[in-house]
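Read through the structure below, which is laid out as structure tokens, and then see the notes.
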Ligand code: PNS
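Numbering (our numbering), first residue to last: 1273 to 1432.
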């Protein structure tokens, strides 16, 4: 295992300022951070996994120790294949904790050496969620305060 490699997994559909905030915090703590996009086989997605990876790479290009990958299947299997020792998850509010708590325990049971580390977003991003962004976008609303410019451009193109 690589003690210095942390994986930050998620759907990132789309990648928001809240996600970016967590990437920045993780990049300051860990030597290497992999933002890894869960490939969702369901058709009900706003952006394809390739689009999501490309956009995250554009939004995080200024962090020298951050790379972007994707995975399919169980997260613990992917983490093992990379030799990662840490999973990073962002917490916005107490209501996130229920799901996160269960996921962290399931992952720990499957892979006891893989440690889940929770990082708190800054207050200004605590109310952003990808699902809210998707809903506003569905109704052609302005999501410019929720997502970084490359994501905004890609979302606008979906309505063009
Ligand atoms: O951004 P999200 O949707 O909250 O991310 C959830 C994600 C993709 C990290 C989680 O659903 C996941 O790890 N999926 C892969 C399948 C898996 O390993 N499930 C077991 C964990 S309970």
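From the three backbone atoms N, C-alpha and C, an ideal C-beta is built for every residue, glycine too.
Because the structure is a prediction, the values reported are computed rather than measured.
query, result
"Local Cβ density within 10 Å of residue 1358, reported as buried at 16 or more and exposed below that", "buried"
"Identity of the residues DSSP links to residue 1304 by a beta bridge", "1277"
"Distance cut-off 8 Å: residue 1380 Cβ against heavy atoms of the ligand PNS", "no"
"The region 1379–1387 / the region 1307–1314 touching (three or more Cβ pairs under 8 Å)", "no"
"Limits of the unbroken beta strand (DSSP E) element including residue 1287", "It is not in any beta strand (DSSP E) - residue 1287 carries neither H nor E in the DSSP assignment."
"Beta carbon of residue 1297 nearer than 9 Å to that of residue 1339", "no"
"Nearest-angstrom Cα separation, counted from residue 1320 out to residue 1276", "29 Å"
"Proximity below 9 Å, CB of residue 1360 to CB of residue 1391", "yes"
"Those residues which DSSP pairs with residue 1343 across a bridge", "1310"
"Same chain, Cβ closer than 6 Å to residue 1347, five either side skipped, listed in chain order", "1281"
"Extent of the continuous alpha helix (DSSP H) to which residue 1366 belongs", "1366–1382"
"C-alpha gap between residue 1279 and residue 1414, whole angstroms", "31 Å"
"DSSP-derived helix/strand/coil call for residue 1472", "Beyond the ends of the chain as shown, which are 1273 and 1432, falls residue 1472; an answer cannot be given."
"Residue 1319, DSSP secondary structure in three states", "coil"
"Residue 1345 beta carbon near the ligand PNS (any heavy atom closer than 8 Å)", "yes"
"Span separating the alpha-carbon of residue 1426 from that of residue 1393", "24 Å"
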